[in-house]
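Take a look at the structure set out below.
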Amino acid sequence: MPPKVSKLDIWLKLYLDQGSDTFLNATEAARAAGYNCKDDNFKRQGYLNKQRREAKILKWLDETGLSECRLKEKLAELLDAKEIKVFQYKGKVLESKEFNSLGTQVKVLDMALKMKGLYAAEKRDHTVKEVKPPTLTIVTSNTNE
183 MPPKVSKLDI
193 WLKLYLDQGS
203 DTFLNATEAA
213 RAAGYNCKDD
223 NFKRQGYLNK
233 QRREAKILKW
243 LDETGLSECR
253 LKEKLAELLD
263 AKEIKVFQYK
273 GKVLESKEFN
283 SLGTQVKVLD
293 MALKMKGLYA
303 AEKRDHTVKE
313 VKPPTLTIVT
323 SNTNE
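Numbering (our numbering), first residue to last: 183 to 327.
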């Protein structure tokens, strides 16, 4: 009899499946692995699984050329990302210019700041507001009059 594969191992396989929607998506990998959760808990389950398999994930990243050092180098390169804008009239290229790719640079900077833990924790409002029950008005009509 073949050894039983744990849901955690199934989750890891799905999490590292490059051709899948679950690739590096802990929440979707948990959902696809068949965990019995309510929607809100798939995110938590994925997070817990990621912590439990962190060593294997880091080893896989290193083996595929995505070591911490390589990722930092790539982020640094993308901070100087450029794009070429083409100006044309009636299908004819008049001019092309290179500009800073601000959208890419902002995303990379945001990611770098998150990695360094330089964002303050998000504040969330957990207060429960009083909800008034709806009022029901019953209108009766007498059709015999």
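Cβ atoms here follow ideal geometry from the backbone N, Cα and C, with glycine treated the same way.
Can the beta-carbon of R226 be found closer than 8 Å to that of L194? no
For the structure I just gave you, are there three or more beta carbon pairs, one from the segment 247-263 and one from the segment 284-297, closer than 8 Å? yes
> For K189, which residues of its own chain have a beta-carbon under 7 Å away from its beta-carbon, when the five flanking residues on both sides are left out?
Replying inline: A215, G216, Y217
field: Rounded distance between the beta-carbons of T209 and F224, thought under 8 Å
entry: 5 Å
query = With distances taken from CA atoms, which of C219, E250, F281, L257 is nearest M293?
reply = L257
Measuring only the C-alpha atoms, how far is R213 from P316? 37 Å
Segment limits, alpha helix (DSSP H) that includes V288: 284-297
Which listed residue (E280, E312, K272, Y197) has its alpha carbon closest to that of Q233
Y197
Taking only the alpha-carbon atoms, compute the straight-line gap between I192 and L253 and give it to the nearest angstrom. 26 Å
Practice prompt. Starting from the Cα of G228, find the closest Cα among L243, G299, N207 and give me that residue.
Written response: The candidate whose alpha carbon is nearest that of G228 is N207.
- Euclidean distance between Cα positions of L363 and V313: As displayed, the chain neither begins before 183 nor continues past 327, which places residue 363 out of reach and without an answer.
Check: What do you get for A237, buried or exposed, if any count of 16 or more other CB atoms within 10 angstroms of its CB means buried?
Finding: exposed
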